[in-house]
Amino acid sequence: IHHYTSLVHSCLSLSLFTMSTKQVAPGNVLLATSAAGTNYDMMYYLKGAAAGGICCSITHGALTPVDVVKTRVQLDPVKYNKGLVGGFKQIIAEEGAMALTTGLGATAFGYFVQGWFKFGGVEFFKIQAATSLGEEAAWNNKTSIYLASSAAAEFIADIFLCPLEAVRIRSVSDPEFCDGLADGFSKMLKTEGVGGFYAGFLPILAKQVPYTMAKFAVQGSAADTMYASLGKTPAEMSSTANVGVSLASGVVAGVAAAIISHPADTLLS
13 IHHYTSLVHS
23 CLSLSLFTMS
33 TKQVAPGNVL
43 LATSAAGTNY
53 DMMYYLKGAA
63 AGGICCSITH
73 GALTPVDVVK
83 TRVQLDPVKY
93 NKGLVGGFKQ
103 IIAEEGAMAL
113 TTGLGATAFG
123 YFVQGWFKFG
133 GVEFFKIQAA
143 TSLGEEAAWN
153 NKTSIYLASS
163 AAAEFIADIF
173 LCPLEAVRIR
183 SVSDPEFCDG
193 LADGFSKMLK
203 TEGVGGFYAG
213 FLPILAKQVP
223 YTMAKFAVQG
233 SAADTMYASL
243 GKTPAEMSST
253 ANVGVSLASG
263 VVAGVAAAII
273 SHPADTLLS
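One point on numbering: in our numbering, the residue at position 40 of the sequence shown is 52, and numbering is uninterrupted.
If you want it as structure tokens, here you go:
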């Protein structure tokens with residue numbers, strides 16, 4: 013289930029981000045979200061952050077029912093042992109269909125914030141690195157730039173995501189715990205203090221940082237390979253073709269990211 017959700021998140025968030033930021037850069041994919049002559053000002057980074065936040069919120073929010081089943085399986089594998097479809101049927105039969113939307117508010121808002129800092133941060137860090145190193149050196153070290161930029165951006169993003177993820181996991185594991193995001197925050201703060209929101213900070217770092225590093229590095233390398241095999245640059249292809257490359261490379265990245273992050277995802281739950 014984790015592999016499926018990670019694949020869909022990566023594939024859709026990367027392709028939606030591609031469309032929303034109009035990836036038409038000539039030459040290479042390292043700075044693929046920018047057109048020739050782009051001014052990397054504050055508005056550029058705000059647009060990238062907003063696009064990332066919206067994309068992550070949509071994809072993670074839409075897959076909330078799958079995440080509910082996944083979390084239940086991880087927390088109680090003896091009870092929920094019938095796979096994804098069986099888990100859906102079991103939860104609906106016992107708690108009703110609305111139980112599959114548990115944690116939707118925390119998921120949608122939490123991953124909007126996470127996507128904001130992740131995609132906006134990756135854009136900021138990789139462009140700063142490329143500018144400092146120069147075009148040729150940046151291209152020769154593009155994988156290192158992807159890895160370092162995504163790790164730094166995800167670390168910052170997880171500081172903001174962790175409290176929301178804590179509320180989501182608690183509400184999914186105990187449906188009677190709260191009546192929504194605000195109520196969950198209030199109850200956790202009263203019972204566990206601020207520390208309760210960050211009890212899972214190290215596991216979430218162990219899950220999200222390698223996941224994001226793999227997602228961006230593998231997606232970038234896969235997209236480079238696809239463009240090279242076609243003998244064209246993003247600027248020479250239609251927007252539909254560029255989205256197709258993003259979807260295909262996103263699938264590859266999603267599989268790699270899911271495999272890497274799966275053990276820590278189980279620990280986090």
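All residues carry an ideal CB built from backbone N, CA and C; glycine is no exception. Since we're looking at a predicted model, the values are computed, not measured.
- Residue range of the alpha helix (DSSP H) that residue 112 falls in? Run containing residue 112: none; DSSP gives neither H nor E here.
- Message: According to DSSP, simplified to helix, strand and coil, what is residue 267?
- Response: helix
- Item | Whole-angstrom C-beta distance between residue 216 and residue 173, which should lie under 8 Å | Taking a contact as a CB-CB distance under 8 Å, the pair residue 173 and residue 216 counts as one, their CB atoms being some 7 Å apart.
- Residues near residue 199 by beta carbon distance below 8 Å, same chain, minus five either side: Counting only Cβ-Cβ distances below 8 Å, and skipping sequence neighbours, we find 189 and 190.
- Query: Any idea what DSSP makes of residue 89, helix, strand or coil?
  - Reply: Looking at residue 89 - three-state DSSP - the assignment turns out to be coil, as it is neither helix nor strand.
- Message: Here's the rule I'm using: 16 or more other beta-carbon atoms within 10 Å means buried, otherwise exposed. How should residue 144 be labelled?
- Response: Answer is exposed; the Cβ neighbour count stays below 16.
- Does the beta-carbon distance from residue 261 to residue 225 come in below 8 Å? Not in contact: residue 261 and residue 225 (Cβ atoms no closer than 8 Å).
- Measure the C-alpha to C-alpha separation of residue 123 and residue 183 and round it to an integer number of angstroms. The straight-line gap from Cα to Cα measures roughly 16 Å.
- Item | Which of helix, strand or coil DSSP assigns to residue 244 | coil
- Message: Taking the alpha-carbon of residue 233 as reference, which of 152, 129, 169 and 270 has the nearest alpha-carbon?
- Response: 152
- Task: Return the chain-ordered list of same chain residues with a C-beta closer than 8 Å to the C-beta of residue 192, the five sequence neighbours on each side being excluded.
- Result: Within the same chain, 117 come within 8 Å of residue 192 by CB-CB distance, once the 5 residues on both sides are set aside.
- Message: Can you give me the C-alpha to C-alpha distance between residue 252 and residue 264, rounded to a whole angstrom?
- Response: 19 Å
- Query: Can at least three beta-carbon pairs, one atom from the stretch 56-66 and one from the stretch 146-161, be found at a separation below 8 Å?
  - Reply: no
- Which term fits residue 286, buried or exposed, when burial requires 16 or more other beta carbons within 10 angstroms of its beta carbon? The displayed coordinates of the chain run from 13 to 281. Any statement about residue 286 would go beyond what the structure contains.
- Item | residue 52, enclosing alpha helix (DSSP H) - first and last residue | No alpha helix (DSSP H) contains residue 52, which DSSP labels as neither H nor E.
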